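Residues in the sequence shown are numbered consecutively from 9, following my numbering. Input: a single structure, listed below in structure tokens.
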Amino acid sequence: MLALDSLVTDLIFQQSAQIDQQTLIDALGGLDVARQRKLLDPDMLDPRMEMELSPSMPFRRRGERRLLIIDDSQPLREDPQEPLVAVDLRPARDALIAMCEALPVRLGRLFALGAWGDAVLVAREARDLRAICLLAWALDPTVDIDGKRRASQLSKQEFEAKIMAYEKRLDELDDQAILAATVGLNVERRGELIVVDVLAADGTWDQRRSLAMEQQLAAMERFSLIPGAPASPRVEAARPAAASSGAAPARGRAEATTPEAPKPEAPPPPEPVGPPLTTAEIAGAVVIVFPAERFDLDVAAALGKRDWDQVIRAGDAFPGAIRDRIQRDGAGWVAPLEFLSEVFVDGKPLSRPTFEAGARAASGGVRELEVHFPRFGPVMLLDVPGKGRFVSSLRDHTEAVVALVAR
């Protein structure tokens, strides 16, 4: 069994790389250290297991092997929902860099098992940094080929077209343009390696900064209209031209210059599509009720990190007292579920036969099953007659959640 919130060192090797066992052990820090770690080869498992743990397709090419090195001696946090990992990860970062230097690694990562986002990324090309950060776009069924979020899921043809455009998108920016867009990240070169991390000076990791790293390296705002076409260069404000050398200005009078025109303010970002959120109260806690249009993998990730500013928008008419309670104490949530395969059981997408075999009967014909929701964690799946299927973080309050969605 793998313990959630364990520290994971992820190595994706170069195509057809030959991996010497002794070199790997030495890179890990010796045989004693290697014995204290769990080594997981995802290719030896059902491919759907990798999709649950940490997807790598379509980033990985044919013939590229992957190894997950898991330190499950103790979880990183007492509460896995706490966004701050108050552990000094600098030794783990340095060990990752050393392994990437000693082994034929294409990409190295440092993250927490079961949690969204990376603390450290190491690659030989900035293109690969962008490629791994664009996986969220490629695999999200509600974001189209141009990076725009839809109110409903893409059709099969649209989703396949987006996957086909994944490699083309990587040709739109060169390494210099990718790294030039990073702001507030720790970026350094170690020989041929590029190291990017979001660790604080003391080595702690605020997972909310991982979102900024993903967004900056993915650079979806610079997608070309035609996938694969070179992106337009960033336009810098031009400085006023120097004065002509013809006539000198009159003595005692300042030389006239043309003032630089003020830059127009950027328009505010558009509000997310969909109706506003509502709230209720169950067992003394605030519960956020999501309509289908307002719930997706990005929202689930924000809920998992308690990043309430990414969940609640200005149009959600929450009283100030409710907003304060959510920021202080957190909140539970409930949302409709369209497809059973959106959740996982035992590392595999849930199917109808698996649900029928494992679901427990509750009052009123309701059936319930504990499942895993990607980017969030354990949730309760409820099949409510006449209302549909729902997932909720309130796993111990089935009757109250059913009463809420049955209104």
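C-beta: ideal position from N, C-alpha, C; glycine also. Every value quoted in this text rests on a predicted model; they were computed, and no experiment measured them.
Asked	Found
With a 10 Å radius around its C-beta and 16 neighbouring C-beta atoms as the bar for buried, classify lysine 313 as buried or exposed.	buried
Is methionine 65 helix, strand or coil by DSSP?	coil
Below 8 Å on the Cβ atoms is my guess for glutamate 200 versus cysteine 141; work out the distance and round it to an integer in Å.	Not confirmed; about 20 Å, so no contact.
What does the Cβ neighbour count give for alanine 322, buried or exposed, with the cut at 16 atoms within 10 Å?	exposed
Using the three-state DSSP reduction, which class does aspartate 79 fall into: helix, strand or coil?	strand
Distance check for isoleucine 27 and glutamine 318, CA to CA, integer angstroms please.	42 Å
With DSSP as the reference, identify every bridge partner of leucine 201, one or two as the case may be.	Arg198
Check whether the region 103 to 111 and the region 148 to 160 touch, using three or more Cβ-Cβ pairs below 8 Å as the test.	no
Tell me whether the beta-carbon of leucine 390 lies closer than 8 Å to the beta-carbon of glutamate 376.	yes
Put tryptophan 124 into one of helix, strand or coil per three-state DSSP.	coil
Along the alpha helix (DSSP H) that carries tryptophan 316, what are the first and last residues, could you check?	It is not in any alpha helix (DSSP H) - tryptophan 316 carries neither H nor E in the DSSP assignment.
Cβ of valine 130 within 8 Å of Cβ of valine 191?	no
Thinking C-alpha only, which one of Val387, Thr286, Val342, Gly236 is nearest methionine 172?	Gly236
Can you tell me the Cβ-Cβ gap for phenylalanine 398 and valine 342, rounded? I've got them flagged as a contact below 8 Å.	6 Å
With a cut-off of 8 Å, do at least 3 Cβ pairs link the region 343 to 350 to the region 328 to 335?	no
Between the region 28 to 45 and the region 115 to 133, can you find at least three pairs of beta-carbon atoms closer than 8 Å?	no
Does the region 78 to 92 touch the region 15 to 24, meaning 3 or more C-beta pairs lie closer than 8 Å?	yes
Around the C-beta of glycine 125, are 16 or more other C-beta atoms found within 10 angstroms, so that it is buried, or is it exposed?	buried
Report the three-state DSSP secondary structure of alanine 131 (helix, strand or coil).	strand
By DSSP, does leucine 39 sit in helix, in strand, or in coil?	helix
Determine the DSSP secondary structure at proline 357, reduced to helix, strand or coil.	strand
Among residues of its own chain, excluding the 5 on either side of alanine 7, which ones have a beta-carbon nearer than 8 Å to its beta-carbon?	Because the chain spans 9 through 415 in this model, residue 7 falls outside it and cannot be assessed.
Would the region 60 to 75 count as touching the region 363 to 375 if we require 3 or more Cβ pairs under 8 Å?	no
Flag this pair as yes or no: are the beta carbons of valine 1 and glycine 340 separated by less than 8 Å?	Any question about residue 1 goes unanswered here, given that the chain covers just 9 to 415.
Count the other C-beta atoms from every protein chain shown that fall within 10 angstroms of the C-beta of glutamate 196, then say buried if there are 16 or more, exposed otherwise.	exposed
Among Met59, Val113, Arg101, Leu97, which has the Cα closest to the Cα of serine 24?	Val113
Cutting at 8 Å between CB atoms, please list the residues of its own chain near aspartate 96, excluding the five before and the five after it.	Asp210, Gly211, Thr212
Candidates Ser240, Ala220, Gly71, Ser400: which alpha carbon is nearest valine 351's?	Ser400
Within the same chain, show all residues whose beta-carbon is closer than 6 Å to that of serine 62, passing over the 5 residues directly before and after it, in chain order.	none
Within the continuous beta strand (DSSP E) that includes lysine 46, where are the two ends?	46 to 48
In whole angstroms, what separates the C-alpha of arginine 403 from that of proline 382?	16 Å
What's the call for glutamate 292, buried or exposed, on a 16-neighbour Cβ count within 10 Å?	The sequence shown places glycine at residue 292, rather than the glutamate named in the question. Glycine 292 comes out exposed.
Taking the beta carbon of alanine 226 as the centre, do at least 16 other beta carbons fall within 10 Å, making it buried, or is it exposed?	buried
Output the distance between the C-alpha atoms of leucine 162 and glutamate 168, rounded to the nearest integer angstrom.	9 Å
Looking only at C-alpha atoms, which of Val410, Gln165, Leu19, Ser218 sits nearest to glutamate 310?	The sequence shown places alanine at residue 310, rather than the glutamate named in the question. Ranking Val410, Gln165, Leu19, Ser218 by Cα distance to alanine 310 puts Ser218 first.
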